[in-house]
Amino acid sequence: MSKDFVAIGLMSGTSLDGIDIALLTTNGEARIAFGASATYAYQTADKEILRAALAAAPDWSPNQPMPKNIAHAHGLVTERHIETVQAFLAAQNMTAGDIDLLGLHGQTILHAPACARTVQIGDGARLAKQTGIDVVADFRSADMKAGGQGAPLTPLYHAALGEKFAAQNAKSIPYPLAVLNLGGVGNVTFIGRDKKLLGFDTGPANALIDDWVRQHTKADYDHNGALAAKGTIDNERLAQLLDNDYFALPPPKSLDRFDFTLDLMHAKPALSPVMSVADGAATLTDFTACAVAQAVPHFPEPPALWVVCGGGRHNQTLMQALATHLNLSLGENLVTAEQAGWPGDELEAQAFAWLAVRAHLGLPLTMPTITGCTAPTTGGIFFSK
Numbered sequence: 121m122s123k124d125f126v127a128i129g130l131m132s133g134t135s136l137d138g139i140d141i142a143l144l145t146t147n148g149e150a151r152i153a154f155g156a157s158a159t160y161a162y163q164t165a166d167k168e169i170l171r172a173a174l175a176a177a178p179d180w181s182p183n184q185p186m187p188k189n190i191a192h193a194h195g196l197v198t199e200r201h202i203e204t205v206q207a208f209l210a211a212q213n214m215t216a217g218d219i220d221l222l223g224l225h226g227q228t229i230l231h232a233p234a235c236a237r238t239v240q241i242g243d244g245a246r247l248a249k250q251t252g253i254d255v256v257a258d259f260r261s262a263d264m265k266a267g268g269q270g271a272p273l274t275p276l277y278h279a280a281l282g283e284k285f286a287a288q289n290a291k292s293i294p295y296p297l298a299v300l301n302l303g304g305v306g307n308v309t310f311i312g313r314d315k316k317l318l319g320f321d322t323g324p325a326n327a328l329i330d331d332w333v334r335q336h337t338k339a340d341y342d343h344n345g346a347l348a349a350k351g352t353i354d355n356e357r358l359a360q361l362l363d364n365d366y367f368a369l370p371p372p373k374s375l376d377r378f379d380f381t382l383d384l385m386h387a388k389p390a391l392s393p394v395m396s397v398a399d400g401a402a403t404l405t406d407f408t409a410c411a412v413a414q415a416v417p418h419f420p421e422p423p424a425l426w427v428v429c430g431g432g433r434h435n436q437t438l439m440q441a442l443a444t445h446l447n448l449s450l451g452e453n454l455v456t457a458e459q460a461g462w463p464g465d466e467l468e469a470q471a472f473a474w475l476a477v478r479a480h481l482g483l484p485l486t487m488p489t490i491t492g493c494t495a496p497t498t499g500g501i502f503f504s505k
């Protein structure tokens with residue numbers, strides 16, 4: 121029988137909300153036992169430092185030293201991850217000796233698969249030394265070297281969760297199954313009746329909505345979709361947002377956080393005058409749902425069930441828009457992770473604990489049908505404590 125490892129996964133997503141941390145005991149396959157989880161929010165000053173790094177990243181040549189703004193963010197992300205692990209262990213009455221591995225995703229500041237380049241900041245070596253736990257980091261580079269997109273990385277974990285719950289008979293999970301993650305960027309995993317996998321980014325999820333709300337209000341996001349619910353969709357702007365070759369591009373495919381921007385939301389000669397804040401939120405929320413609907417033609421067959429995870433599942437206006445554009449029923453064939461019996465808030469952090477164990481065992485993290493790599497590919501860089 122294969123050995124179980126106790127691992128902690130750490131995820132800092134493109135929404136820049138904070139660091140998700142989750143404890144997992146697993147053999148790197150379908151034997152998965154959930155442990156505690158938490159989120160440690162970034163402070164406002166932290167977010168500004170990270171946004172400065174994101175702004176500087178596109179101009180950073182791989183042959184040049186790390187720019188000052190990015191180096192500052194790199195140090196900040198590392199320090200916050202160290203603090204997060206230490207606080208989490210203390211809260212759980214655990215010590216470093218109780219943990220076999222840390223899976224560090226890091227903060228993505230650049231993702232350019234066309235250039236075979238992806239950058240996640242966060243120092244795995246320092247994290248290992250200061251926590252006293254072995255670390256696996258840099259999950260994406262090996263896939264890119266094997267001809268892949270480097271993303272998404274969660275589909276194999278989604279498939280393992282399906283197997284876990286089927287084996288436990290905790291809840292009947294029908295196939296074909298679509299698992300939709302709505303973070304800053306949206307990504308979907310399709311699991312067929314034959315359990316074959318497909319995965320790719322659908323388009324913007326919370327990122328553009330958050331940017332719009334932050335630009336026009338004092339809030340960081342549209343809480344529960346309340347602002348969008350008051351607005352009216354601008355179909356002219358929506359059509360221009362959807363007029364993008366990305367949606368017809370067959371997978372494998374993935375996106376950078378800034379591949380879609382708010383430019384089309386501002387007044388242009390072909391568009392009506394600048395819209396209200398509520399109308400903008402409504403339009404961008406509907407755009408996110410329409411982008412997901414554009415993914416369906418790429419599936420071999422329609423999913424019997426959609427399971428939605430990520431922060432976007434809390435946005436009721438977005439969930440209703442998904443139901444409309446996918447022609448689904450909320451709570452029936454379109455459900456949140458919790459409604460399916462899956463962990464909701466910690467799922468991505470759990471995935472990186474699980475992937476760290478797989479990397480340690482030399483098992484594949486990516487597949488050709490997910491990222492386009494030439495063969496099933498393991499990855500990760502190991503840092504000893």
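Each number in my numbering corresponds to the 1-based position in the sequence shown with 120 added. Glycine included, C-beta positions come from ideal geometry on N, C-alpha and C.
- Linking P296 to D124 through their CA atoms gives a straight-line distance of about 29 Å.
- Excluding its 5 nearest sequence neighbours in each direction, R171 has C-beta neighbours in its own chain below 8 Å: L136, listed in chain order.
- A271 is a Cβ neighbour of R260, given a cutoff of 9 Å.
- If you draw a straight line from the Cα of N355 to the Cα of L404, it is about 11 Å long.
- Sixteen is the threshold: when 16 or more other Cβ atoms of the shown chains lie within 10 Å of the Cβ of N326, as they do, the residue is buried.
- Under DSSP, V397 shares a beta bridge with no residue.
- For R237, the enclosing beta strand (DSSP E) covers residues 237-241.
- By the C-beta density criterion, K188 is exposed, having fewer than 16 other C-beta atoms within 10 angstroms.
- In the structure shown, the three-state DSSP call for C429 is strand.
- Residue nearest to L454 within the set E466, W462, M439 is M439 (criterion: CA-CA distance).
- Checking the DSSP bridge columns, you'll see S132 partnered with Q227.
- Around the C-beta of V428, 16 or more other C-beta atoms lie within 10 Å, and the residue is accordingly described as buried.
- Under the three-state reduction of DSSP, D218 is assigned to helix.
- For the pair A158 and F208, the CB atoms are nearer than the 9 Å cut-off.
- In the three-state DSSP reduction, A415 falls in the coil class, being neither helix nor strand.
- Setting aside the 5 residues that flank it on each side, L143 is surrounded in the same chain by I128, G155, A156, each with a C-beta closer than 6 Å to its C-beta; the list follows chain order.
- Residue environment analysis places R313 among the exposed positions, since fewer than 16 neighbouring C-beta atoms fall within 10 angstroms of its C-beta.
- In the DSSP assignment, the residues bridged to D140 are M131, T159.
- Secondary structure of A153 (DSSP, three-state): strand.
- A direct Cα-to-Cα measurement between Q184 and S132 gives close to 25 Å.
- DSSP places F208 in the uninterrupted alpha helix (DSSP H) bounded by 188-211.
- In the DSSP annotation of this structure, the continuous segment of the beta strand (DSSP E) that includes G306 starts and ends at 305-311.
- Excluding the 5 residues flanking it on each side, P370 has same chain C-beta neighbours closer than 8 Å at H418, in chain order.
- Taken atom to atom, the span from the alpha-carbon of K249 to that of T215 is near 14 Å.
- Judged by DSSP secondary structure, D321 falls within the beta strand (DSSP E) whose first and last residues are 317-324.
- As a beta-bridge residue in DSSP terms, V126 pairs with T145.
- Distance from the Cα of I169 is smallest, within the candidate group Y160, S504, T309, I241, for I241.
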